[in-house]
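**Q**
Protein chains: 2
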Amino acid sequence: MSLVLETPVDGPARTLRLPAPLRLDSGQSLEGVEIAYCTYGTLNATRSNAILICHALTGDQFVASTNPSTGRPGWWPAMVGPGKPLDPDRYFIICANILGGCMGSTGPGATDPKTGAPYGLSFPVITIADMARAQAELVTALGIDSLFLVVGGSMGGMIALEWVKCFPERMFACALIATAARHSAQNIAFHEVGRQAIMADPDWRGGDYAKLGVRPEKGLAVARMAAHITYLSEQALQRKFGRELQSKALSFGFDADFQVESYLRHQGQAFVDRFDANSYLYITRAMDYFDLAQSHDGRLADALTAAQDVRFCVLSFTSDWLYPTTESRRIVRALNAAGAQASFVEIRSDKGHDAFLLDEPVMREVLDGFLASAAKARGL
Amino acid sequence: MSLVLETPVDGPARTLRLPAPLRLDSGQSLEGVEIAYCTYGTLNATRSNAILICHALTGDQFVASTNPSTGRPGWWPAMVGPGKPLDPDRYFIICANILGGCMGSTGPGATDPKTGAPYGLSFPVITIADMARAQAELVTALGIDSLFLVVGGSMGGMIALEWVKCFPERMFACALIATAARHSAQNIAFHEVGRQAIMADPDWRGGDYAKLGVRPEKGLAVARMAAHITYLSEQALQRKFGRELQSKALSFGFDADFQVESYLRHQGQAFVDRFDANSYLYITRAMDYFDLAQSHDGRLADALTAAQDVRFCVLSFTSDWLYPTTESRRIVRALNAAGAQASFVEIRSDKGHDAFLLDEPVMREVLDGFLASAAKARGL
Numbered sequence: 104m105s106l107v108l109e110t111p112v113d114g115p116a117r118t119l120r121l122p123a124p125l126r127l128d129s130g131q132s133l134e135g136v137e138i139a140y141c142t143y144g145t146l147n148a149t150r151s152n153a154i155l156i157c158h159a160l161t162g163d164q165f166v167a168s169t170n171p172s173t174g175r176p177g178w179w180p181a182m183v184g185p186g187k188p189l190d191p192d193r194y195f196i197i198c199a200n201i202l203g204g205c206m207g208s209t210g211p212g213a214t215d216p217k218t219g220a221p222y223g224l225s226f227p228v229i230t231i232a233d234m235a236r237a238q239a240e241l242v243t244a245l246g247i248d249s250l251f252l253v254v255g256g257s258m259g260g261m262i263a264l265e266w267v268k269c270f271p272e273r274m275f276a277c278a279l280i281a282t283a284a285r286h287s288a289q290n291i292a293f294h295e296v297g298r299q300a301i302m303a304d305p306d307w308r309g310g311d312y313a314k315l316g317v318r319p320e321k322g323l324a325v326a327r328m329a330a331h332i333t334y335l336s337e338q339a340l341q342r343k344f345g346r347e348l349q350s351k352a353l354s355f356g357f358d359a360d361f362q363v364e365s366y367l368r369h370q371g372q373a374f375v376d377r378f379d380a381n382s383y384l385y386i387t388r389a390m391d392y393f394d395l396a397q398s399h400d401g402r403l404a405d406a407l408t409a410a411q412d413v414r415f416c417v418l419s420f421t422s423d424w425l426y427p428t429t430e431s432r433r434i435v436r437a438l439n440a441a442g443a444q445a446s447f448v449e450i451r452s453d454k455g456h457d458a459f460l461l462d463e464p465v466m467r468e469v470l471d472g473f474l475a476s477a478a479k480a481r482g483l
Numbered sequence: 104m105s106l107v108l109e110t111p112v113d114g115p116a117r118t119l120r121l122p123a124p125l126r127l128d129s130g131q132s133l134e135g136v137e138i139a140y141c142t143y144g145t146l147n148a149t150r151s152n153a154i155l156i157c158h159a160l161t162g163d164q165f166v167a168s169t170n171p172s173t174g175r176p177g178w179w180p181a182m183v184g185p186g187k188p189l190d191p192d193r194y195f196i197i198c199a200n201i202l203g204g205c206m207g208s209t210g211p212g213a214t215d216p217k218t219g220a221p222y223g224l225s226f227p228v229i230t231i232a233d234m235a236r237a238q239a240e241l242v243t244a245l246g247i248d249s250l251f252l253v254v255g256g257s258m259g260g261m262i263a264l265e266w267v268k269c270f271p272e273r274m275f276a277c278a279l280i281a282t283a284a285r286h287s288a289q290n291i292a293f294h295e296v297g298r299q300a301i302m303a304d305p306d307w308r309g310g311d312y313a314k315l316g317v318r319p320e321k322g323l324a325v326a327r328m329a330a331h332i333t334y335l336s337e338q339a340l341q342r343k344f345g346r347e348l349q350s351k352a353l354s355f356g357f358d359a360d361f362q363v364e365s366y367l368r369h370q371g372q373a374f375v376d377r378f379d380a381n382s383y384l385y386i387t388r389a390m391d392y393f394d395l396a397q398s399h400d401g402r403l404a405d406a407l408t409a410a411q412d413v414r415f416c417v418l419s420f421t422s423d424w425l426y427p428t429t430e431s432r433r434i435v436r437a438l439n440a441a442g443a444q445a446s447f448v449e450i451r452s453d454k455g456h457d458a459f460l461l462d463e464p465v466m467r468e469v470l471d472g473f474l475a476s477a478a479k480a481r482g483l
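One line per chain: the protein sequences are A and B, in this order. One rule links them: number in the working numbering = place in the first sequence (from 1) + 103. One rule links them: number in the working numbering = place in the second sequence (from 1) + 103.
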């Protein structure tokens with residue numbers, strides 16, 4: 104593909120339409136793929152200061168600007184912004200809604216050009232590598248051969264790992280935060296609960312709800328509630344809510360007596376307002392399929408050999424039970440075996456998996472140091 | 104109440120109808136309560152060898168005999184039987200379906216004598232203490248003043264703790280296995296997900312499904328799937344299933360590709376065949392309400408002061424993240440502060456919460472030793 108966009112400018116979200124069909128891991132091709140993205144900062148003359156931020160399962164391209172659909176500010180304020188580690192005054196920052204998403208990039212809610220109706224379940228099952236390939240097309244279209252950094256937390260880290268595997272020559276550094284190189288049985292199990300909750304909702308209509316003007320809101324809310332528990336540590340839930348009641352006494356009924364119940368219900372409801380149920384099915388499926396070493400008979404180091412010239416920073420959080428430190432250590436061991444430079448820090452936090460989205464001073468400091476060193480080596 | 108049943112005999116399940124209304128913690132009374140129970144072994148002449156086994160959330164009275172509705176053998180074969188710690192050749196063993204249950208004891212699926220229709224949501228919200236009080240009526244009716252042992256795992260341990268609080272003079276010893284003296288925020292959160300899944304099912308019909316001849320099967324299956332994950336450790340899931348596929352390759356669809364998905368779906372479906380959705384709502388609610396120290400401003404030792412003459416054995420499992428060892432230690436510390444004898448063992452196991460249902464040799468040995476010592480002290 105040779106499409107190169109005009110010199111990118113900072114501003115509202117834009118959309119790239121891929122000029123050629125996107126070949127998928129499933130063997131299928133997807134035509135007319137659109138990738139919705141935001142950029143922040145200015146690409147330098149040598150096009151060497153670009154950073155790609157990969158978002159998590161329910162994230163989006165609005166990493167540092169207001170999400171127009173929710174009106175909420177960017178989702179990573181602690182990390183992206185002037186004076187922050189990912190500084191648009193210094194770097195050209197790209198964040199794209201993933202393939203399969205529902206914030207403007209092509210996903211199951213998009214219109215199938217063959218039928219003129221929403222894809223629904225006729226959308227092909229995609230993989231994390233497919234998401235990375237779609238991003239690579241965007242990076243190419245932006246005129247960037249080599250990214251200074253690919254960074255992601257949670258599923259974003261998985262996408263970054265696929266970049267490492269598929270496009271190691273197109274990246275200088277990589278930061279992997281609260282992530283894993285494969286989905287565990289427990290990870291798959293929680294996602295399967297969510298998918299079953301969605302598909303149990305009669306308004307899901309076999310995935311055709313968009314054509315029929317309904318939405319499987321209850322099922323999607325239950326899916327979000329179950330997932331949300333895994334994003335927090337037991338300690339964080341206990342500290343935030345404990346057994347605190349909504350009112351003074353137990354109701355002896357089934358309303359939300361406990362604050363934690365009310366909080367979870369709110370999380371479920373707020374999610375329904377901003378997310379598409381079929382996207383949730385497809386993205387969780389892609390995550391469950393993710394196992395970077397699978398193509399190398401389980402030998403993760405072999406999957407990473409081409410990455411020996413990339414500099415890595417791997418971060419985990421002590422209370423993250425979704426992608427625990429053991430998974431980060433496995434990545435670091437494989438990187439070491441592959442001959443790559445990898446620094447690893449396990450950050451003490453009781454906030455669970457979602458700590459990566461919060462302002463964790465150690466995370467900021469470690470990434471600041473890592474980026475300073477990498478920028479110097481890159482001549483930035 | 105003065106009803107005393109004829110000399111109990113070993114045999115199939117029987118049912119006791121309480122002669123007087125049962126006063127509940129909610130302030131309501133429940134008339135015509137029936138308690139379905141099984142007994143094993145023979146009550147001795149001094150009526151001093153009776154053991155009450157309290158079952159867990161989805162357990163039943165068929166602890167050591169075939170469940171007639173499922174055709175499956177008793178649920179605690181490792182612990183109950185000739186030559187096992189809870190030996191019917193030596194003890195008179197009682198196990199009753201809890202109040203609120205769906206295996207014969209009065210619950211939301213029972214007929215409301217006032218209307219002639221199933222209670223549904225007009226059944227009063229009950230507590231763990233209400234369950235213990237109903238059991239105490241049964242024990243009285245069986246002519247037993249003082250139980251040799253009250254034993255329970257998981258929710259069964261919570262019922263046993265309410266026995267300790269409400270009827271310490273009616274028990275000689277108590278074994279608390281894989282349990283807690285209160286439900287944590289995370290415990291409540293998982294239960295709330297299950298309840299929301301059930302109530303989101305349109306066939307739940309506001310709890311009136313039984314009157315309408317339908318059942319919220321999909322919602323109940325999702326609730327069970329979510330709960331089932333919490334019964335196993337991450338390690339157990341990984342060892343049992345890992346990322347093993349059902350067939351040779353990924354399907355690139357939404358069928359159960361992974362064995363863990365198929366296993367969870369099966370758990371959900373099998374549960375629907377044997378359990379009532381409203382019972383699930385009521386029992387999980389009772390568990391969430393459970394906080395033994397709440398009546399004593401959070402001072403657990405104060406709630407247990409009357410138990411200083413009861414001998415305790417407290418067991419936890421290293422990989423149980425539903426009711427982790429910290430909760431057992433909290434109970435032990437409170438028992439020590441209350442002046443009660445308490446032995447405590449944390450058993451090394453990677454099987455998670457459900458280890459208490461399995462044949463864990465250390466659990467067997469510890470309970471054997473505890474019971475031998477207690478039996479000697481009791482003069483059995």
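Every residue, glycine too, gets a C-beta built ideally from N, C-alpha and C.
Going by CA-CA distance only, name the one from G130/B, D190/B, W266/B that's closest to T408/B.
**A** W266/B
**Q** Strictly under 9 Å for the Cβ-Cβ distance: is F293/B near chain A by that measure?
**A** Yes, its Cβ sits closer than 9 Å to a Cβ of chain A.
**Q** Under 7 Å between beta-carbons, which chain B residues line up against P305/A? List them in chain order, please.
**A** P305
**Q** Can you grab the Cα-Cα spacing for the pair A475/B / V469/B, in whole Å?
**A** Approximately 10 Å, taken between the alpha carbons.
**Q** To test your reading of the DSSP string, which unbroken beta strand (DSSP E) runs of 3 or more residues are found completely within the stretch 430 to 483 of chain A?
**A** You should have 444 to 450.
**Q** What's the C-alpha gap between E295/A and D192/A?
**A** 42 Å
**Q** On the three-state DSSP scale, how would you describe D190/A?
**A** Here D190/A sits in coil by DSSP.
**Q** Measuring alpha carbon to alpha carbon, tell me which residue in I138/B, L146/B, S132/B is nearest A116/B.
**A** Among I138/B, L146/B, S132/B, the Cα nearest to that of A116/B is on I138/B.
**Q** Using the three-state DSSP reduction, which class does D376/A fall into: helix, strand or coil?
**A** helix
**Q** Against chain A, which members of the stretch 234 to 263 of chain B pass a CB distance test of less than 9 Å?
**A** Correct list: empty, as no residue qualifies.
**Q** I'd like to know if the stretch 236 to 248 of chain B and the stretch 395 to 408 of chain B are in contact, where contact means that at least 3 CB-CB pairs between them fall below 8 Å.
**A** no
**Q** I need the straight-line Cα distance from I231/B to A389/B, nearest angstrom please.
**A** 6 Å
**Q** Flag Q349/A as yes if its beta-carbon sits less than 9 Å from any beta-carbon of chain B, otherwise no.
**A** no
**Q** On a CA-only basis, which of H399/B, A278/B, Q289/B is nearest R414/B? Give me that one, please.
**A** A278/B
**Q** How is the alpha helix (DSSP H) around N259/A delimited, first residue to last?
**A** Before going on, a small fix: residue 259/A reads as Gly here, not Asn. Here the alpha helix (DSSP H) through G259/A covers 258 to 269.
**Q** What residues from the stretch 336 to 361 of chain A come within 7 Å of chain B, judged by C-beta to C-beta, listed N to C?
**A** Residues of the stretch 336 to 361 of chain A with a C-beta atom less than 7 Å from some C-beta of chain B are E337, L340, Q341, F344, G345, R346, L353, F355, G356, F357, F361, listed in chain order.
**Q** Would you mind telling me which residues of chain A sit closer than 8 Å to R414/B, beta carbon to beta carbon, in chain order?
**A** The premise fails here: R414/B is roughly 29 Å from chain A at the closest Cβ pair, so nothing lies under 8 Å.
**Q** Please classify R273/A: does DSSP put it in a helix, a strand, or coil?
**A** helix
**Q** Residues in its own chain within less than 6 Å of A437/B by CB, not counting five upstream and five downstream?
**A** So the list reads L403, A404, L407, once near-sequence residues are dropped.
**Q** Residues of chain B with CB under 7 Å from A300/A, in chain order?
**A** Ordered by position in chain B, the residues that pass the 7 Å Cβ test against A300/A are A300, V325.
**Q** State yes or no: is the beta carbon of Q164/B nearer than 9 Å to at least one beta carbon in chain A?
**A** no
**Q** Alpha carbon to alpha carbon, how far is L335/A from F344/A? Give it in angstroms, no decimals.
**A** 12 Å
**Q** Would you verify that the beta carbon of R491/A is, or is not, closer than 9 Å to some beta carbon of chain B?
**A** No information on residue 491/A is available, as it lies outside the stretch 104 to 483 that chain A covers here.
**Q** If you follow the alpha helix (DSSP H) that L327/B is in, where does it begin and where does it stop?
**A** The sequence shown places Arg at residue 327/B, rather than the Leu named in the question. Residues 320 to 334.
**Q** When the Cα of T118/A is compared with those of C198/A, A443/A, T169/A, which residue comes out closest?
**A** Out of C198/A, A443/A, T169/A, C198/A has the C-alpha closest to the C-alpha of T118/A.
**Q** Suppose you measure from the CA of F293/A to the CA of Q299/B; what does that come to, to the nearest Å?
**A** 16 Å
**Q** Taking the alpha-carbon positions, what's the A148/A to M274/A distance?
**A** 17 Å
**Q** Checking contacts by CB at 9 Å: is A395/A closer than that to chain B?
**A** Reading the sequence as shown, one finds Leu at residue 395/A and not Ala. By this cut-off, L395/A is not an interface position.
**Q** Please check the pair T282/A and G256/A, which I expect to be a contact at CB under 8 Å, by giving their CB distance rounded to whole angstroms.
**A** 7 Å
**Q** Does the stretch 217 to 230 of chain A come within contact of the stretch 303 to 313 of chain A, defined as at least 3 CB pairs closer than 8 Å?
**A** Touching, yes.
**Q** Counting only Cβ-Cβ distances shorter than 9 Å, please list the residues of the stretch 360 to 378 of chain B near chain A, keeping chain order.
**A** Within the stretch 360 to 378 of chain B, D360, F361, Q362, V363, E364, Y366, L367, R368, G371 place their CB atoms closer than 9 Å to a CB of chain A, listed in sequence order.
**Q** Rounded to a whole number of angstroms, what is the C-alpha to C-alpha distance between P427/A and A167/A?
**A** 27 Å
**Q** Name the chain C residues whose beta carbon is nearer than 9 Å to that of R388/B?
**A** Considering every chain present, this structure includes no chain C. Its protein chains are A and B.
**Q** For I301/A and S382/A, what's the separation of their Cα atoms in angstroms?
**A** 11 Å
**Q** Starting from I301/B, follow the alpha helix (DSSP H) in both directions and report where the run begins and ends.
**A** 288 to 303
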